[in-house]
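To keep things clear, I will list the structure first and then write my remarks on it.
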Amino acid sequence: MKATFWGHSCVLVEVKGKRIVIDPFLSGNPVAKTKPENVKCDYVIISHGHRDHLGDAVQIAKANDATVIANFEVASYCEMKGCNVHPMHIGGAHKFDFGRVKLTIAHHGSGLIEDGKIIYLGNPAGIIIQSDGKVLYHAGDTGLFYDMKLIGEMNKIDVAFLPIGDNFTMGVDDAVKAVELLQPRKAVPIHYKTFDVIDVDPVPFITQVAARGIAAQILEVGQSVEI
Ligand code: NI
Ligand code: MN
Numbered sequence: 031m032k033a034t035f036w037g038h039s040c041v042l043v044e045v046k047g048k049r050i051v052i053d054p055f056l057s058g059n060p061v062a063k064t065k066p067e068n069v070k071c072d073y074v075i076i077s078h079g080h081r082d083h084l085g086d087a088v089q090i091a092k093a094n095d096a097t098v099i100a101n102f103e104v105a106s107y108c109e110m111k112g113c114n115v116h117p118m119h120i121g122g123a124h125k126f127d128f129g130r131v132k133l134t135i136a137h138h139g140s141g142l143i144e145d146g147k148i149i150y151l152g153n154p155a156g157i158i159i160q161s162d163g164k165v166l167y168h169a170g171d172t173g174l175f176y177d178m179k180l181i182g183e184m185n186k187i188d189v190a191f192l193p194i195g196d197n198f199t200m201g202v203d204d205a206v207k208a209v210e211l212l213q214p215r216k217a218v219p220i221h222y223k224t225f226d227v228i229d230v231d232p233v234p235f236i237t238q239v240a241a242r243g244i245a246a247q248i249l250e251v252g253q254s255v256e257i
């Protein structure tokens, strides 16, 4: 399994010959280097309905004839826009041709503003992908929650992508506590620096996680990690 960071919360996962894009916020993302029209993928997974996660999902999914995997509400929204979808919900898992996906809780919102109205797109989620003997956890946007301990107990996480940008999600101290609860083999910070309000230095996160005996790695935009 290979995961490539595309900026903010966007991660491309490549496994079993399939390409899965999580939270493809590319157009309007000041740190993104990939254009939505250049994305090749088989699946798009969306953690929640906020614009910086739903992003270019509809355009990308339609251009690739890819399947959108998301909670029922986000999936239904994408279906109404013409996408192939596979709706799921929190606590549920499903085996796809590339591996097993399970949606976890995330403490956050999921409203999308469109045409001056707010559309509420269900509960936000975290994402667990199990494939090829590896486990990837993408926390989506969330505050710290103690059930991360349960997620860590029930999944031997190889890599955890965790938001550290504060304001909308966990900040550094809470994300370090999240790593303690999850006990992943490696932690990667996401959801920071994209905008002024989340302009957080990731180095203290790396240092504090390393002090707890767990590997942590900053991925530059476009950089990959082999899992
Ligand atoms: Ni959000
Ligand atoms: Mn966000």
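Residue 31 is where the sequence shown starts when you use the working numbering, and the numbers rise one by one after that. Note that CB positions come from ideal geometry on N, CA and C, so glycine has one too.
- In the three-state reduction of the DSSP assignment, alanine 155 falls in the strand class.
- Distances from the CA of glycine 141 to each of Gly201, His80, Val230, Leu192 were compared; the closest alpha carbon is that of His80.
- Under DSSP, tyrosine 73 takes part in a beta bridge, and its partners are Ile50, Thr97.
- In the displayed model, glutamate 250 falls within coil according to three-state DSSP, outside both helix and strand.
- The set of residues whose C-beta lies within less than 7 Å of a heavy atom of the ligand NI reads, in chain order, His78, His80, Asp82, His83, His138, Gly139, Pro154, Asp171, Phe198.
- The beta carbon of glutamine 253 sits closer than 8 Å to the beta carbons of Thr34, Phe35 from its chain, once the five residues preceding and following it are set aside; these are given in chain order.
- Residue state for threonine 134 is assigned as strand, using DSSP reduced to three classes.
- Judged by beta-carbon spacing, threonine 199 lies beyond the 9 Å limit of aspartate 231, meaning their Cβ atoms are not closer than that value.
- Listed in chain order, the alpha helix (DSSP H) elements of length 4 or more contained wholly in the region 97-123 are 102-110.
- Under DSSP, glutamine 160 takes part in a beta bridge, and its partners are Arg130, Val165.
- Just so you know, the alpha carbons of methionine 110 and methionine 178 end up roughly 33 Å apart.
- The C-beta distance from proline 66 to serine 57 rounds to 6 Å, short enough to meet the 8 Å contact threshold.
- Rounded to whole angstroms, the gap between the alpha carbons of leucine 42 and lysine 147 is 31 Å.
- Note: tyrosine 150 is bridge-paired with Gly141 in the DSSP secondary-structure output.
- Looking at Ile248, Tyr107, Val218, the one whose alpha-carbon comes closest to that of tyrosine 150 is Tyr107.
- Excluding its 5 nearest sequence neighbours in each direction, alanine 87 has C-beta neighbours in its own chain below 7 Å: Pro54, Val74, Ile76, Val98, Cys108, listed in chain order.
- Nearest C-alpha to valine 251 among Lys223, Ile257, Ala241: Lys223.
- Contact between lysine 32 and isoleucine 257 holds, since their C-beta atoms are separated by about 7 Å, short of 8 Å.
- Between valine 218 and leucine 249, the C-beta spacing is below 9 Å.
- Residue range 233-241 is occupied by the alpha helix (DSSP H) that includes proline 234.
- If you draw a 10 Å sphere on the C-beta of histidine 83, you find 16 or more other C-beta atoms in it, and that means buried.
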